[in-house]
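Number of protein chains: 2
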Amino acid sequence: MHDIPIGADILAGNNQVATENRGLFHEHGVYVFNLMSSPGAGKTSLLEQTLKRLKDRYRFAVIEGDIQSDDDLQRVLKVGVPGIQINTHGACHLNSVLVHNVLGKLDLDHLDCLVIENVGNLVCPAEFDLGEDDKVAVLSVTEGADKPRKYPVMFHNARALVVNKIDLMPHTDFDLDRAVRDAQRLNLDLPVFPLSCRTGEGLDAWLAWLEQRIARARRFANH
Amino acid sequence: MHDIPIGADILAGNNQVATENRGLFHEHGVYVFNLMSSPGAGKTSLLEQTLKRLKDRYRFAVIEGDIQSDDDLQRVLKVGVPGIQINTHGACHLNSVLVHNVLGKLDLDHLDCLVIENVGNLVCPAEFDLGEDDKVAVLSVTEGADKPRKYPVMFHNARALVVNKIDLMPHTDFDLDRAVRDAQRLNLDLPVFPLSCRTGEGLDAWLAWLEQRIARARRFANH
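As given, the protein sequences belong to chains A and B, one line each in that order.
In this text, residue positions in the first sequence follow our numbering: the first is 1, and each later residue adds one.
In this text, residue positions in the second sequence follow our numbering: the first is 1001, and each later residue adds one.
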């Protein structure tokens, strides 16, 4: 028999600030996604490719979450999109308060889409609502197909899954069908986008999904 | 500036047991939904109507969560579906451990769908993963259309929304469009089922969605 403490107040604390963040984003018609993966799965590469292709059509901003360094932020700024760095100084995930405290630096009135790139970690980030519309998980081919089974909270909570580095599939024993099946078993409607940020293969389907989400969020804001 | 404590370990505790529950359900090909609403919105009425119509095609069981009493369980048993009562003795929501501790009483090998009816509460239940496939929220017309705006976590986390008691719409100023719009703003893909458990209007669309989910969960289990 399990016996663990459950702290509704602490959950409620993060959720309360996440709700404030979400209210702010909605007020300004900004679509927000929280980008999560293991270290090195390609979150920033996906961001670079996405921003390059869509930045002339939509106004983006990025919040970069890292334990330390601003290397990823520099890559985003180089594409010509504004960004803000959050360094967690040891914490393995962002929370709603860390995000809330930098929102004053963003011009939400002139934004269509805010991307929050979380700390590279397949566990804890999935458990903290930041106020985003959607959580987007990235799994790379080189990590292996067993990850949905081993890190189920991430794949259960995601609203979309990008499978990155498919250009490396011929050089690995990655079983795409199995990864997709196990992820969708945890999350019956989960849209999956296999792609390669290096070759560009598969990017179009991901971009089409993202554009649809931005449009939908904006439609609600216009009411 | 906000400053609240965030306890990743406590979140992780509930999520860990939820993950165990989910693994068990998947192993047995059981589709599980967590039914949540304010007190009196009609969770048990929806269950009665759903079970009456589908119990000859699928093998159901119900876990009834209540602070005290087994009134709802008696209603379920009367329909001819097996059920188990959890009394939380004061706690305003179920958690994954309470659910885990009664799973031994269920014959998961001979089950298609397990419904977990949560404690009547529009706040805390939404924050605790029990291991379900989907959270289903019920909002009744008589509660008012402002609820998605006022209780956003529930509507953000739900995978389906039932709007119950639409037979009473002519007698209230309930604005269905507004309720749906505000809920979908929080949850861009949210399927919404306006219905009346009293007249049966709208039930078919809800039942069709539920059958699809049961079939999908079973398909994954067959691999």
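Ideal Cβ placement from N, Cα and C applies to all residues, glycine included.
No experiment lies behind these values; they were computed from the predicted model shown.
Neighbourhood of residue i by C-beta distance below 7 Å, restricted to the same chain and skipping five residues each side
i: N187(A); result: F155, H156 and A158
i: P1194(B); result: V1163, I1166, L1176 and G1202
i: E1132(B); result: V1032, F1033, N1034 and I1116
i: D1109(B); result: H1028
i: L168(A); result: V141 and T142
i: L207(A); result: T50, R53 and L54
i: H2(A); result: Residue placement at H2(A) cannot be trusted, given a pLDDT of 46 that sits under 50; what the coordinates show is reported in the next sentence. Correct list: empty, nothing qualifies.
i: A12(A); result: none
i: R1059(B); result: H1110, L1111 and D1112
i: T172(A); result: V141 and T142
i: D1071(B); result: none
Member of the options whose CA lies at the smallest distance from the CA of residue i
i: N1164(B); options: L1073(B), S1045(B), N1021(B) and F1025(B); result: S1045(B)
i: R1023(B); options: T199(A), V153(A), A208(A) and T172(A); result: Reading the sequence as shown, one finds Gly at residue 1023(B) and not Arg. Taking only the C-alpha atoms, the option nearest G1023(B) is V153(A).
i: R198(A); options: Y31(A), P191(A), A179(A) and L47(A); result: L47(A)
i: N1095(B); options: A1018(B), F1220(B), W1206(B) and W1209(B); result: A1018(B)
i: L114(A); options: A205(A), D134(A) and T142(A); result: D134(A)
i: L1098(B); options: K1105(B), D1107(B) and T1088(B); result: T1088(B)
i: N21(A); options: D146(A), Y151(A), G42(A) and F128(A); result: F128(A)
i: E211(A); options: L122(A), L54(A) and A221(A); result: L54(A)
i: R1219(B); options: D182(A), K78(A) and H26(A); result: D182(A)
i: P1148(B); options: G1013(B), G1042(B) and L1122(B); result: L1122(B)
i: R1057(B); options: V1081(B), G1090(B) and P1039(B); result: V1081(B)
i: V102(A); options: G90(A), D112(A) and L130(A); result: L130(A)
i: I1214(B); options: H26(A), D189(A), W209(A) and L161(A); result: D189(A)
i: W209(A); options: P191(A), G200(A) and S196(A); result: P191(A)
i: N15(A); options: Y1151(B), G1200(B) and A1217(B); result: Y1151(B)
i: F1041(B); options: G1104(B), L1161(B) and H1026(B); result: Reading off the sequence, residue 1041(B) comes out as Ala, not Phe. Nearest C-alpha to A1041(B): L1161(B).
i: A217(A); options: Q184(A), L111(A), G104(A) and G200(A); result: L111(A)
Neighbour list for residue i in chain B, Cβ cutoff strictly below 7 Å
i: P148(A); result: Residues of chain B passing the Cβ test: none, with the nearest at roughly 11 Å.
i: H26(A); result: R1185
i: R213(A); result: L1188
Neighbour list for residue i in chain B, Cβ cutoff strictly below 9 Å
i: R22(A); result: P1152, H1156 and L1186
Beta-carbon neighbours of residue i, restricted to chain A and to distances below 9 Å
i: A1217(B); result: R185 and L188
Per-residue contacts from residue i into chain A (C-beta, under 8 Å)
i: T1019(B); result: P152 and V153
Beta-carbon neighbours of residue i, restricted to chain A and to distances below 7 Å
i: N1118(B); result: Here the premise fails: no neighbours, minimum Cβ distance about 13 Å.
i: D1133(B); result: L188
Identified DSSP bridge partners for residue i
i: L1035(B); result: E1117(B) and V1136(B)
i: F1193(B); result: V1162(B)
i: F60(A); result: C113(A)
i: G1065(B); result: I1086(B)
Contacting residues, own chain, Cβ-Cβ under 6 Å from residue i (five flanking each side not counted)
i: C1124(B); result: C1092 and H1093
i: I6(A); result: At I6(A) the pLDDT is 44, less than 50, meaning the model places this residue with poor confidence and gives no usable figure here.
i: D1204(B); result: none
i: P1039(B); result: G1120
i: L106(A); result: A61
i: L221(A); result: Rather than Leu, the amino acid found at residue 221(A) in this sequence is Ala. Only G29 meet the Cβ criterion.
i: F1025(B); result: V1032
i: I1004(B); result: Low local confidence applies: a pLDDT of 43 at I1004(B) is under 50, so the model's placement there is unreliable, with the coordinate-based value given in what follows. Cβ neighbours of I1004(B) beyond the five flanking positions: none.
Same chain, Cβ closer than 8 Å to residue i, neighbours up to 5 away in sequence not counted
i: A145(A); result: F174, D175, L176, R178, A179 and D182
i: G83(A); result: A61, V62, I63, E64, L73, V76 and L77
i: M36(A); result: K43, N118, N121, L122, P125, A126, K135, V136, A137, V138, M154 and A158
i: G90(A); result: I67
i: I1086(B); result: I1063, E1064, G1065, D1066, L1094, L1098, V1099 and V1102
i: S1069(B); result: N1087
i: G1200(B); result: Q1049
i: Q184(A); result: L190 and V192
C-beta neighbour in chain E for residue i, strict 8 Å
i: Q184(A); result: Looking at the structure shown, chain E is missing, and the protein chains on hand are A and B.
Just list the beta strand (DSSP E) runs in the stretch 155-191 of chain A, keeping only unbroken ones of 3 residues or longer that don't cross its boundaries, in chain order. The stretch 155-191 of chain A contains these whole beta strand (DSSP E) runs: 160-164.
Segments of 3+ residues assigned as beta strand (DSSP E) that fall wholly inside the stretch 1091-1143 of chain B: 1113-1117 and 1134-1140
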